[in-house]
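Novice: Can you read through this structure? Questions will come right after.
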Amino acid sequence: MSLVVSVRNLRFAYPGQDDLLRGVTFHLQEGRILVICGLSGQGKSTLLRLLIGLEQPSGGLIRLLGQDTASLTEQQFNQVKTQVGFVFQSPALIANKTIWDNVALPLIYHNLGDPEEIQYRVDNALEMLLIKEYQHQYPARLSLGIQKRASVARAMIMRPKLILMDEPTAGLDRISRSVLLALIENIRRINRVAMIIVTHDLSAARELDGEIGVLKDGELLEPMGFDQLKNCQDSFVEFLFRQLEIEAMAVDKPA
Amino acid sequence: MVQVLGWMGARCRQTYGGQLAELGLRAVVSGLRRTGNRRHHFEQVVTQFFYTGVEALPLVFFLALILGSATILQSATVMPKFGAGDYFGNVMVVVIVREVGPLFTAFLIAGRTGSALSTYLGNMKVQSEIDALRTLGVDPIRYLVFPAFAATIAALFCLTVIFNLAAIFGGFFVVKVLHAFAANATGLELPFSLYMERILASMSLLDGLIGFAKPLVFGALVSLIASHHGITVGGDIREVPKATTSGVVNSFVAIILADSLFALPFLAKLELL
Numbered sequence: 089m090s091l092v093v094s095v096r097n098l099r100f101a102y103p104g105q106d107d108l109l110r111g112v113t114f115h116l117q118e119g120r121i122l123v124i125c126g127l128s129g130q131g132k133s134t135l136l137r138l139l140i141g142l143e144q145p146s147g148g149l150i151r152l153l154g155q156d157t158a159s160l161t162e163q164q165f166n167q168v169k170t171q172v173g174f175v176f177q178s179p180a181l182i183a184n185k186t187i188w189d190n191v192a193l194p195l196i197y198h199n200l201g202d203p204e205e206i207q208y209r210v211d212n213a214l215e216m217l218l219i220k221e222y223q224h225q226y227p228a229r230l231s232l233g234i235q236k237r238a239s240v241a242r243a244m245i246m247r248p249k250l251i252l253m254d255e256p257t258a259g260l261d262r263i264s265r266s267v268l269l270a271l272i273e274n275i276r277r278i279n280r281v282a283m284i285i286v287t288h289d290l291s292a293a294r295e296l297d298g299e300i301g302v303l304k305d306g307e308l309l310e311p312m313g314f315d316q317l318k319n320c321q322d323s324f325v326e327f328l329f330r331q332l333e334i335e336a337m338a339v340d341k342p343a
Numbered sequence: 002m003v004q005v006l007g008w009m010g011a012r013c014r015q016t017y018g019g020q021l022a023e024l025g026l027r028a029v030v031s032g033l034r035r036t037g038n039r040r041h042h043f044e045q046v047v048t049q050f051f052y053t054g055v056e057a058l059p060l061v062f063f064l065a066l067i068l069g070s071a072t073i074l075q076s077a078t079v080m081p082k083f084g085a086g087d088y089f090g091n092v093m094v095v096v097i098v099r100e101v102g103p104l105f106t107a108f109l110i111a112g113r114t115g116s117a118l119s120t121y122l123g124n125m126k127v128q129s130e131i132d133a134l135r136t137l138g139v140d141p142i143r144y145l146v147f148p149a150f151a152a153t154i155a156a157l158f159c160l161t162v163i164f165n166l167a168a169i170f171g172g173f174f175v176v177k178v179l180h181a182f183a184a185n186a187t188g189l190e191l192p193f194s195l196y197m198e199r200i201l202a203s204m205s206l207l208d209g210l211i212g213f214a215k216p217l218v219f220g221a222l223v224s225l226i227a228s229h230h231g232i233t234v235g236g237d238i239r240e241v242p243k244a245t246t247s248g249v250v251n252s253f254v255a256i257i258l259a260d261s262l263f264a265l266p267f268l269a270k271l272e273l274l
């Protein structure tokens with residue numbers, strides 16, 4: 089299996105601030121899921137933004153689909169991005185376009201297919217994410233759960249080899265969250281797409297059945313399976329698991 | 002030498018004018034790129050032209066009628082009293098074609114389209130929509146700024162021509178209607194053939210060239226200033242109204258400054274320079 093993402097010694101600091109990321113290193117193979125957990129402000133979202141080129145690292149190496157992103161021109165990087173999907177924490181759908189137009193946008197912009205093919209691919213994606221009935225509606229009129237699913241549909245429409253997701257379950261109720269996680273797992277299984285999912289929700293990480301990397305003090309702990317992580321002797325990881333237990337108790341407890 | 006030029010270039014890029022020039026250059030370069038779905042890009046320009054040009058047309062036409070008839074009325078009734086009736090055509094050309102037509106239309110578009118563009122782009126920035134476009138490999142300059150840039154220039158040009166024609170012909174028609182109610186007012190009995198003869202006789206090649214060039218320059222300024230203020234909004238929603246206000250005010254100032262530069266050839270002609 090080939091490497092889809094390779095990050096070595098990645099460093100980043102916002103202007104005038106201390107280093108947020110201090111040498112993050114990890115690799116991700118084709119078709120695998122890496123869930124990055126950690127508390128707010130640890131740099132999880134920033135890490136994803138660095139991978140897709142929305143922020144510039146202050147040091148280190150990012151290889152995306154075999155290409156060193158620092159050596160690419162803007163146009164070359166845009167070509168690489170056609171093979172990478174990105175799901176923002178807020179759905180970030182274009183407000184004056186319908187759900188169908190939002191999902192079709194990258195295909196139309198990059199001229200990937202004739203109108204019939206685009207129609208077929210968009211319809212397929214909308215059906216897969218169970219939002220076909222909302223295709224003619226504008227994002228503002230829809231619930232957050234539907235908007236997030238549309239955002240996932242847009243990220244997968246170009247049949248990417250890698251999808252980056254920033255807190256895909258944030259702000260969703262339990263049912264919408266479970267539906268979305270099941271759909272994400274479906275996409276990974278059917279399309280064999282690699283995913284990096286950033287979340288502070290450890291239970292989501294368990295459901296997605298991928299390797300979990302914990303971001304702590306600007307460094308990423310060696311990614312491992314959920315059960316392995318549970319036995320990890322790190323105080324921060326123990327704290328995360330205690331939070332998970334508290335959440336589980338809150339759910340079990342009748343109102 | 003190269004270092005000095007590089008330093009000067011970097012300093013220029015930090016100035017407001019430098020940033021506008023860079024944005025304009027990037028818009029043109031990305032717009033003329035032959036990659037991607039060019040038909041879709043053309044449709045984007047047409048859609049923007051519709052919002053900027055076609056939707057503003059009734060307002061521009063209405064204002065042109067009022068302003069044209071007021072100018073004709075004032076110059077045709079007041080000027081003969083000072084023995085300057087023969088200069089009536091010059092006044093129409095200078096006031097409508099050379100100055101008021103391009104200026105009024107540009108102000109209108111700066112207030113209407115410029116403010117909408119800054120708000121639209123600013124909101125997109127705050128809602129991470131522009132970042133979302135970047136992650137899809139969509140160049141925001143090509144997708145958002147270029148259509149606004151091209152369409153505003155084209156729309157402002159067309160609207161200015163329509164404004165001039167509506168002010169000259171429509172204004173004359175309004176005056177003739179008024180004449181029916183105030184037949185004894187001096188100057189209002191001017192026949193259409195003489196009216197047109199005087200205007201055409203007063204119009205020089207320079208008037209025509211500058212009348213055509215002004216809306217192109219004003220259109221570029223309005224769209225670039227509005228886009229610049231929109232896309233430089235940070236992540237705070239409170240910055241959007243500030244960006245919109247600055248965009249409109251700066252557009253007005255830029256239009257007036259550019260207009261004063263257009264006056265230079267006429268000053269040179271009068272040997273004032």
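Protein chains in written order, with my numbering: chain A, 89 to 343; chain B, 2 to 274.
We put the CB at the ideal spot given by N, CA and C, even for glycine.
1. Please list, in chain order, the chain A residues whose beta carbon lies closer than 7 Å to that of G25(B).
2. Between I154(B), F170(B) and V178(B), which has its C-alpha nearest G25(B)'s C-alpha?
3. Three or more C-beta pairs under 8 Å: does that hold for the segment 104-111 of chain A against the segment 306-316 of chain A?
4. Assuming T114(B) is part of the beta strand (DSSP E), what are its boundary residues?
5. Would L1(B) pass as an interface residue toward chain A - the criterion being a Cβ-Cβ separation below 7 Å?
6. Just mark I182(A) as buried or exposed, buried being the case when its beta carbon has 16 or more other beta carbons within 10 Å.
7. Is any non-hydrogen atom of the ligand FAD found closer than 6 Å to the C-beta of R280(A), if you look at the structure I gave you?
8. How big is the Cα-Cα spacing for A343(A) and F51(B)?
9. Is it buried or exposed, Y121(B), if we count other Cβ atoms within 10 angstroms and call 16 or more buried?
10. So is I232(B) buried or exposed if we call it buried at 16+ other beta carbons inside 10 Å?
11. For the structure I just gave you, are there three or more beta carbon pairs, one from the segment 148-162 of chain A and one from the segment 207-214 of chain A, closer than 8 Å?
12. Indicate the three-state DSSP secondary structure (helix, strand or coil) for S146(A) in the structure shown.
13. If you scan the segment 145-220 of chain B from start to end, which runs of the alpha helix (DSSP H) of 4 or more residues do you find wholly inside it?
14. Any residues in the segment 63-79 of chain B with a beta carbon nearer than 8 Å to a beta carbon of chain A? Which ones, in chain order?
15. Looking at chain B, which residues of the segment 190-212 of chain A have a Cβ within less than 8 Å of any of its Cβ atoms?
16. Please state whether the Cβ-Cβ distance between G123(B) and V241(B) is less than 7 Å.
17. I'd like the list of long-range same chain contacts for S31(B), defined as Cβ closer than 7 Å, with 5 residues on each side in sequence excluded.
18. Using a Cβ-Cβ cutoff of 8 Å, what residues of the segment 224-239 of chain B are near chain A? List them in chain order.
19. Given that a residue counts as buried once 16 or more other Cβ atoms are within 10 Å of its Cβ, and exposed if not, what is L239(B)?
20. What does the Cβ neighbour count give for A270(A), buried or exposed, with the cut at 16 atoms within 10 Å?
21. Can you tell me whether E130(B) is buried or exposed? The criterion is at least 16 other CB atoms within 10 Å of its CB, across all chains shown.
22. Under 8 Å between beta-carbons, which chain A residues line up against N38(B)? List them in chain order, please.
23. For chain A, is any of its Cβ atoms less than 7 Å away from the one on E130(B)?
24. Can you give me the start and stop residues for the beta strand (DSSP E) that F100(A) sits inside?
25. So F174(A) packs on A243(A), CB below 8 Å; how close in whole Å?
26. Name the one or two DSSP bridge partners that G301(A) has.
Specialist: Taking the definition as stated:
1. Those do not exist, as G25(B) stays about 17 Å from chain A at its closest Cβ, beyond 7 Å.
2. Cα-wise, what sits closest to G25(B) is I154(B).
3. yes
4. First-last for T114(B): undefined, no H or E at that position.
5. With chain B covering only 2 through 274, there is no way to say anything about residue 1(B).
6. buried
7. Of the ligands one can find in the structure shown there are none, so the ligand FAD has no counterpart to examine.
8. Low local confidence applies: a pLDDT of 48 at A343(A) is under 50, so the model's placement there is unreliable, with the coordinate-based value given in what follows. Straight-line Cα distance between these residues: approximately 55 Å.
9. buried
10. buried
11. no
12. coil
13. 147-166, 172-182 and 193-203
14. none
15. L193, P194, I196, Y197, H198 and N199
16. Yes. Within cutoff.
17. D140, I142, R143 and F147
18. Within the segment 224-239 of chain B, no residue has a Cβ lying closer than 8 Å to any Cβ of chain A.
19. For the record, residue 239(B) in the displayed sequence is Arg; it is not Leu. It is exposed - the Cβ of R239(B) has fewer than 16 other Cβ atoms within 10 Å.
20. exposed
21. buried
22. I196, Y197, H198 and N199
23. yes
24. L91 to F100
25. 6 Å
26. I124(A)
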